[in-house]
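Peer 1:
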Amino acid sequence: MPASLNVAVRTLCEFTARSGDLDLRFTPAPSALEGMEGHAVVQHRRKKAGAQYETELALSGSYEDLQVRGRADGFDAELLQLEEIKTYRGPLEGVRPHHRALHWTQARVYGHLLCVARGLDRLKVALVYFQIGSEQETVLVEDCSAQQLREFFEAQCQRYLLWARSEAEHNQQRNMALAALPFPMPAFRTGQRELAVAVYRTAKSEATGRCLMAQAPTGIGKTLGTIFPLLKAMVDDSTTQSDKPNSEALDKLFFLTAKGTGHGLALHALSQIHTALKPNAATLRVLDMLARDKTCEHPDKACHGDSCPLARGFFDRLPAARAAMVQQLGSWDATAVRDMALQHGICPYYLSQELARWADVVVADYHYFYDSAAMLYALTQQQGWRAGVLVDEAHNLLERARSMYTAPLSQFDLAAARQAATGAVKKALDSLNRQWNALNKAQAEAAVQAAEPRATYQSYPAIPPALLAAVQRAIGVIADLQADHPLPPGDVVLSFYWELLQFQALAESFGPHALFDLQLHGLARKPVSTLCIRNVVPAVHLAARHAAAQATVLFSGTLGPPQFYRDLLGLPSDTAWLEVEAPFAAHQLQVQIASHISTRWRDREASLVPMADLVAAQFARQPGNYLCFVSSFDYLQRLAATLQRLHPQIPLWQQERGMDEAGRAEFLERFVEGGQGVGLAVLGGAFSEGVDLPGTRLIGAFVATLGLPQINPVNEAMQRAMDAVMGAGLGYDYTYLYPGLRKVVQAAGRVIRTEDDRGVVVLMDDRFQRPQVQALLPRWWHF
Numbered sequence: 001m002p003a004s005l006n007v008a009v010r011t012l013c014e015f016t017a018r019s020g021d022l023d024l025r026f027t028p029a030p031s032a033l034e035g036m037e038g039h040a041v042v043q044h045r046r047k048k049a050g051a052q053y054e055t056e057l058a059l060s061g062s063y064e065d066l067q068v069r070g071r072a073d074g075f076d077a078e079l080l081q082l083e084e085i086k087t088y089r090g091p092l093e094g095v096r097p098h099h100r101a102l103h104w105t106q107a108r109v110y111g112h113l114l115c116v117a118r119g120l121d122r123l124k125v126a127l128v129y130f131q132i133g134s135e136q137e138t139v140l141v142e143d144c145s146a147q148q149l150r151e152f153f154e155a156q157c158q159r160y161l162l163w164a165r166s167e168a169e170h171n172q173q174r175n176m177a178l179a180a181l182p183f184p185m186p187a188f189r190t191g192q193r194e195l196a197v198a199v200y201r202t203a204k205s206e207a208t209g210r211c212l213m214a215q216a217p218t219g220i221g222k223t224l225g226t227i228f229p230l231l232k233a234m235v236d237d238s239t240t241q242s243d244k245p246n247s248e249a250l251d252k253l254f255f256l257t258a259k260g261t262g263h264g265l266a267l268h269a270l271s272q273i274h275t276a277l278k279p280n281a282a283t284l285r286v287l288d289m290l291a292r293d294k295t296c297e298h299p300d301k302a303c304h305g306d307s308c309p310l311a312r313g314f315f316d317r318l319p320a321a322r323a324a325m326v327q328q329l330g331s332w333d334a335t336a337v338r339d340m341a342l343q344h345g346i347c348p349y350y351l352s353q354e355l356a357r358w359a360d361v362v363v364a365d366y367h368y369f370y371d372s373a374a375m376l377y378a379l380t381q382q383q384g385w386r387a388g389v390l391v392d393e394a395h396n397l398l399e400r401a402r403s404m405y406t407a408p409l410s411q412f413d414l415a416a417a418r419q420a421a422t423g424a425v426k427k428a429l430d431s432l433n434r435q436w437n438a439l440n441k442a443q444a445e446a447a448v449q450a451a452e453p454r455a456t457y458q459s460y461p462a463i464p465p466a467l468l469a470a471v472q473r474a475i476g477v478i479a480d481l482q483a484d485h486p487l488p489p490g491d492v493v494l495s496f497y498w499e500l501l502q503f504q505a506l507a508e509s510f511g512p513h514a515l516f517d518l519q520l521h522g523l524a525r526k527p528v529s530t531l532c533i534r535n536v537v538p539a540v541h542l543a544a545r546h547a548a549a550q551a552t553v554l555f556s557g558t559l560g561p562p563q564f565y566r567d568l569l570g571l572p573s574d575t576a577w578l579e580v581e582a583p584f585a586a587h588q589l590q591v592q593i594a595s596h597i598s599t600r601w602r603d604r605e606a607s608l609v610p611m612a613d614l615v616a617a618q619f620a621r622q623p624g625n626y627l628c629f630v631s632s633f634d635y636l637q638r639l640a641a642t643l644q645r646l647h648p649q650i651p652l653w654q655q656e657r658g659m660d661e662a663g664r665a666e667f668l669e670r671f672v673e674g675g676q677g678v679g680l681a682v683l684g685g686a687f688s689e690g691v692d693l694p695g696t697r698l699i700g701a702f703v704a705t706l707g708l709p710q711i712n713p714v715n716e717a718m719q720r721a722m723d724a725v726m727g728a729g730l731g732y733d734y735t736y737l738y739p740g741l742r743k744v745v746q747a748a749g750r751v752i753r754t755e756d757d758r759g760v761v762v763l764m765d766d767r768f769q770r771p772q773v774q775a776l777l778p779r780w781w782h783f
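Below, the structure is given as structure tokens:
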């Protein structure tokens, strides 16, 4: 048992003071910046009035072996009044009862800490509610004795201590079990030990925010090779006694995935860890965090106690569910969380969010740590966790991050909101529509003069101030409406309001890393358009996430060139790079270049017959299962028709647009051991990565494109932005070449999955002969 347990005032109060319903009905809330400004206004008023007013008081105190620390907002020495400042929008009645209870608990705890620090026998404890819009203050005051505050403080500490001691014991047992944990396989695979050592050293660095990029091929066991060393990094090197804490030991491990396949691989690797930990498997808590739409029991109901029975009394029943959950086996999978939640009559999704505080390992989607409202990132900062972050198939993070920090606004959505709105809201939306139409008109006139359809798209160096002012006015008016008459979920005005908020948030940080663009939908007399703040370089948003983690490991089979990802993902300049040698030999894979074929746009039609003949010749020479990747569904259908016309003897099956999970499974089921046929798929689609077809289930692949993104006005604008940010000359490589060849390597990687596999890859384009292109392909390939 440690000599002392430490807790922040906010964490203590959130644990002990929350009660009543889960209530996620929208109430207009100040932004973080507005909240800080509101605090500053109140504090400035006190000092301007001549009060002996102290701000941001660092306070601490103890109860038994619990150390409590925090920072109080303000103290008026003349009035002997401690103030806890809270900002809000709308009427004060809109501050929910469970929020008020939490606010009073925080104020009283700070009151006790101040009485002890200053030797006071009485104190006024005040909640100062500051309305952001009107700047009006409402001050609620309690006159308390020091004894009353002490008793209140001790009651909170007693409730928290039972849990904190249990958690300290869990951490000690976990660390002892992990210290003795053997590698769960008979031996490390080729390259796997090298990867594990590099990951461990990154996690054990004395500096926070250390990053490692690891490019390692399929077949070496990347998932287990990264999880195992980070679990070992939770243990102090010198001792497993928890009364000698190691400042370098990790508190949490987040395994972040882009797709379901990575999620499943992580859970499988962690099940192997649990097997190796037996009989101490319960000492490692693994939380499988799924999206809300996969776990909601009542999708037809709103998230508040008046609508959903699982939200009613959520915080009253949460402690019992949480306590029961920690007695479960260490695997908190979706089924276990759901069963426990329903036993206690609470929401499974929000129980899983609460359990993230107490899990040792969380397996979740990228957005839980990287997007603008990322829960795991917020908890890491709030709780001061030393988190180890594993980013699976990290090449996917670039496009996912771009989408997280991109905000489109559709004029069709605005029209629907205007039709439903009344009064001041309709006036504000009409004003926004006028500013929007002015942009449309200017762009439509330019397009007509240019006689060029591409001119329906335009990017701008800045967001027009008049448009942005109209957006801000609409947000303020809808927020005021929400305060007085909350809109129901699904309301078109409320839905458009969310879009406006995201747009405004990104407008506040707009810079060279993003585009503001307009896309006209045709050139009608009164055209409509979509506006978009489009992220190009997510580095500016992601850098703080990397800095918040103790260690971040980004790994993939295709993570080169490293500078490309360092630049675009905001990785620090000292990010380490590891390229694990493939366990495969050149003789396992025949790599052929069909230099007589061009897949350039102008040559597409001419390429179909020679491409079909090449596929048929290879199939005749070595019958078996093949995948053929092309650049688009249109090209796929034309190639399929050509193959069926010229070589009808070859069994074909095709990827379809919008294929559901069952359709994808049926497509892959055609690849049986010893089978024969050709599956046609789109490069970069569902079958280009995360597909495992070892042995004779797949003996070859044809890649009929360099995978370069389509040349269109959006990509051309992104190239120009990339040139401006990264330096002239890099825009083409960063926009087209590197992303395209990454898809080629991913697709070709479906062929050789184990050290026993043999196969062929046919690259069908003359540009694959270029040295610049071949330098970006795997080094173990021989041409």
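For the sequence shown, the residue numbers in full-length UniProt numbering are 1 to 783.
Cβ coordinates follow ideal geometry from the N, Cα and C atoms, glycine included.
What is the rounded straight-line gap between the Cα of residue 477 and the Cα of residue 470?
Peer 2: If you number the sequence shown from 1, residue 477 lands on position 477. If you number the sequence shown from 1, residue 470 lands on position 470. Each residue's Cα considered, the two are about 11 Å apart.
Peer 1: Here's a check: name, in chain order, each residue in its chain whose Cβ is nearer than 6 Å to the Cβ of residue 779, leaving out the five neighbours to either side.
Peer 2: Numbered from 1 along the sequence shown, position 779 holds the residue referred to as residue 779. Same-chain partners within the cutoff: there are none.
Peer 1: When you compare only the Cα positions, how much space is there between residue 155 and residue 147?
Peer 2: For the purposes of this step, residue 155 is identified with residue 155 of the sequence shown, where counting begins at 1. For the purposes of this step, residue 147 is identified with residue 147 of the sequence shown, where counting begins at 1. Cα to Cα, the separation comes out at about 12 Å.
Peer 1: Which term fits residue 5, buried or exposed, when burial requires 16 or more other beta carbons within 10 angstroms of its beta carbon?
Peer 2: Residue 5 sits at position 5 when you count from the first residue of the sequence shown. Answer is buried; the Cβ neighbour count reaches 16.
Peer 1: If you count every other CB in all the chains shown that lies within 10 Å of the CB of residue 436, and 16 or more means buried, which is it?
Peer 2: On the sequence shown, position 436 is the one that residue 436 refers to. Counting Cβ neighbours within 10 Å, residue 436 comes out buried, since at least 16 surround it.
Peer 1: Rank 86, 695, 489, 217 by C-alpha distance to the C-alpha of residue 132 and give the top, closest one.
Peer 2: What you label residue 132 is simply residue 132 of the sequence shown in a count that begins at 1. Of 86, 695, 489, 217, the residue nearest in Cα terms is 86.
Peer 1: My guess is that residue 376 and residue 368 are in contact by the Cβ rule of under 8 Å, so how many angstroms apart are they, rounded?
Peer 2: Here residue 376 refers to the residue found at position 376 of the sequence shown. Here residue 368 refers to the residue found at position 368 of the sequence shown. With a Cβ gap of about 5 Å, residue 376 and residue 368 count as contacting.
Peer 1: DSSP state of residue 408, grouped into three classes?
Peer 2: Numbered from 1 along the sequence shown, position 408 holds the residue referred to as residue 408. Residue 408 falls in the strand class under three-state DSSP.
Peer 1: Could you spell out the range, first to last residue, of the alpha helix (DSSP H) harbouring residue 227?
Peer 2: As a first step, residue 227 is located in the sequence shown; it is residue number 227 there, counting from the start. 222-232 is the extent of the alpha helix (DSSP H) around residue 227.
Peer 1: For residue 354, I'd like the list of residues in its chain whose CB is within less than 7 Å of its CB, leaving aside the five on either flank, ordered along the chain.
Peer 2: The residue labelled residue 354 in the question sits at position 354 within the sequence shown. Here the set comprises 318, 322.
Peer 1: Report the rounded CA-to-CA distance for residue 168 versus residue 304, giving the unit in angstroms.
Peer 2: For this step, residue 168 is matched to residue 168 along the sequence shown. For this step, residue 304 is matched to residue 304 along the sequence shown. One C-alpha to the other measures close to 34 Å.
Peer 1: Run through the DSSP bridge pairs and tell me what residue 69 is partnered with.
Peer 2: For this step, residue 69 is matched to residue 69 along the sequence shown. The partner list for residue 69 (beta bridge, DSSP) reads 8, 60.
Peer 1: If residue 548 and residue 380 are in contact, beta carbons under 8 Å, what's the gap, nearest whole angstrom?
Peer 2: Taking the first residue of the sequence shown as position 1, residue 548 is located at position 548. Taking the first residue of the sequence shown as position 1, residue 380 is located at position 380. Right, their Cβ atoms sit about 5 Å apart.
Peer 1: For the beta strand (DSSP E) containing residue 211, list its first residue and its last residue.
Peer 2: Against the sequence shown, residue 211 aligns to sequence position 211. From DSSP, the beta strand (DSSP E) with residue 211 extends over 210-215.
Peer 1: Which residues bound the alpha helix (DSSP H) around residue 442?
Peer 2: Position 442 of the sequence shown holds residue 442. Start and end: 423-450.
Peer 1: Below 7 Å between beta carbons: does that hold for residue 178 and residue 234?
Peer 2: Residue mapping note: residue 178 aligns to position 178 of the sequence shown, counting from 1. Residue mapping note: residue 234 aligns to position 234 of the sequence shown, counting from 1. Going by C-beta atoms, residue 178 is nearer than 7 Å to residue 234.
Peer 1: Between which two residues does the alpha helix (DSSP H) carrying residue 294 extend?
Peer 2: Stepping through the sequence shown from its first residue, residue 294 is reached at position 294. Its alpha helix (DSSP H) spans residues 292-295.
Peer 1: Answer with buried or exposed for residue 765, where buried requires no fewer than 16 other C-beta atoms within 10 angstroms of its C-beta.
Peer 2: Here residue 765 is taken as the residue at index 765 of the sequence shown, counted from 1. Label assigned to residue 765: buried.
Peer 1: Classify residue 631: buried if its beta carbon has 16 or more other beta carbons within 10 angstroms, exposed otherwise.
Peer 2: To locate residue 631, count along the sequence shown from 1; it is residue 631. Label assigned to residue 631: buried.
Peer 1: Return the first residue and the last residue of the beta strand (DSSP E) that residue 104 is part of.
Peer 2: As a working mapping, residue 104 is identified with position 104 in the sequence shown. Not the beta strand (DSSP E): residue 104 falls in the alpha helix (DSSP H), residues 97-118.
Peer 1: Within 10 angstroms of the Cβ of residue 538, are there 16 or more other Cβ atoms? Answer buried if so, exposed if not.
Peer 2: Counted from its first residue, the sequence shown places residue 538 at position 538. Buried, because 16 or more other Cβ atoms sit within 10 Å of the Cβ of residue 538.
Peer 1: Would you call residue 17 buried or exposed, if buried means 16 or more other Cβ atoms sit within 10 Å of its Cβ?
Peer 2: Taking the first residue of the sequence shown as 1, we reach residue 17 at position 17. Buried, by the Cβ-count rule.
Peer 1: Can you list, in chain order, the stretches of the beta strand (DSSP E) that have 3 or more residues and sit fully within the region 121-184?
Peer 2: Whole beta strand (DSSP E) segments, 3+ residues: 122-131, 137-145.
Peer 1: Give every residue of the same chain whose Cβ lies closer than 6 Å to the Cβ of residue 60, excluding the five residues on either side of it in the sequence, and list them in chain order.
Peer 2: One-based indexing of the sequence shown puts residue 60 at position 60. Excluding positions up to five away in sequence, the list reads 69.
Peer 1: With the cut-off set at 7 Å, would you say residue 553 and residue 226 are in Cβ contact?
Peer 2: Residue mapping note: residue 553 aligns to position 553 of the sequence shown, counting from 1. Residue mapping note: residue 226 aligns to position 226 of the sequence shown, counting from 1. Cβ distance < 7 Å, so residue 553 and residue 226 count as in contact.
Peer 1: Taking 7 Å as the threshold (C-beta atoms), are residue 71 and residue 58 in contact?
Peer 2: Within the sequence shown, residue 58 is the residue found at index 58, counting from 1. Within the sequence shown, residue 71 is the residue found at index 71, counting from 1. A contact, by the Cβ cut-off of 7 Å.
Peer 1: Do three or more CB pairs link the region 642-660 to the region 605-614 at distances below 8 Å?
Peer 2: As far as the Cβ criterion goes, the region 642-660 touches the region 605-614, which means the pair count is three or higher.
Peer 1: To which residues of the same chain is residue 142 closer than 6 Å at the C-beta, ignoring the five residues directly before and after it?
Peer 2: For the purposes of this step, residue 142 is taken as residue 142 along the sequence shown, with counting starting at 1. So the list reads 125, once near-sequence residues are dropped.
Peer 1: Determine the DSSP secondary structure at residue 462, reduced to helix, strand or coil.
Peer 2: In the sequence shown, the residue the question calls residue 462 occupies position 462. Coil.
Peer 1: On the CB-based measure, 16 or more other CB atoms within 10 Å of its CB, does residue 359 come out buried or exposed?
Peer 2: As a first step, residue 359 must be located in the sequence shown, where it is residue number 359. Buried: at least 16 other Cβ atoms inside 10 Å.
Peer 1: Alpha carbon to alpha carbon, what distance is there between residue 443 and residue 334?
Peer 2: By 1-based counting over the sequence shown, the position of residue 334 is 334. By 1-based counting over the sequence shown, the position of residue 443 is 443. Going from the Cα of residue 334 to the Cα of residue 443 covers about 50 Å.
Peer 1: Can you tell me where the beta strand (DSSP E) holding residue 252 begins and where it ends?
Peer 2: In the sequence shown, the residue the question calls residue 252 occupies position 252. Element bounds for residue 252: 252-257.
Peer 1: Would you check if the distance between the CB atom of residue 624 and the CB atom of residue 699 is smaller than 7 Å?
Peer 2: As a first step, residue 624 must be located in the sequence shown, where it is residue number 624. As a first step, residue 699 must be located in the sequence shown, where it is residue number 699. Yes; because the gap between Cβ atoms is below 7 Å, this pair is in contact.
Peer 1: Tell me the start and end of each unbroken beta strand (DSSP E) in the region 521-604 that is at least 3 residues and wholly inside, in chain order.
Peer 2: With a minimum length of 3 residues, the continuous beta strand (DSSP E) runs that stay inside the region 521-604 are 529-535, 551-556, 576-579, 589-593.
Peer 1: For residue 103, count the other beta carbons within 10 Å of its own beta carbon; 16 or more makes it buried, fewer makes it exposed. Which is it?
Peer 2: Position 103 of the sequence shown, counting from 1, holds the residue named residue 103. Under this definition residue 103 is a buried residue.
Peer 1: Compute the Euclidean distance between the alpha carbons of residue 604 and residue 704, then round it to the nearest angstrom.
Peer 2: Here residue 604 corresponds to residue number 604 of the sequence shown, with the count starting at 1. Here residue 704 corresponds to residue number 704 of the sequence shown, with the count starting at 1. Their Cα atoms are separated by approximately 10 Å.
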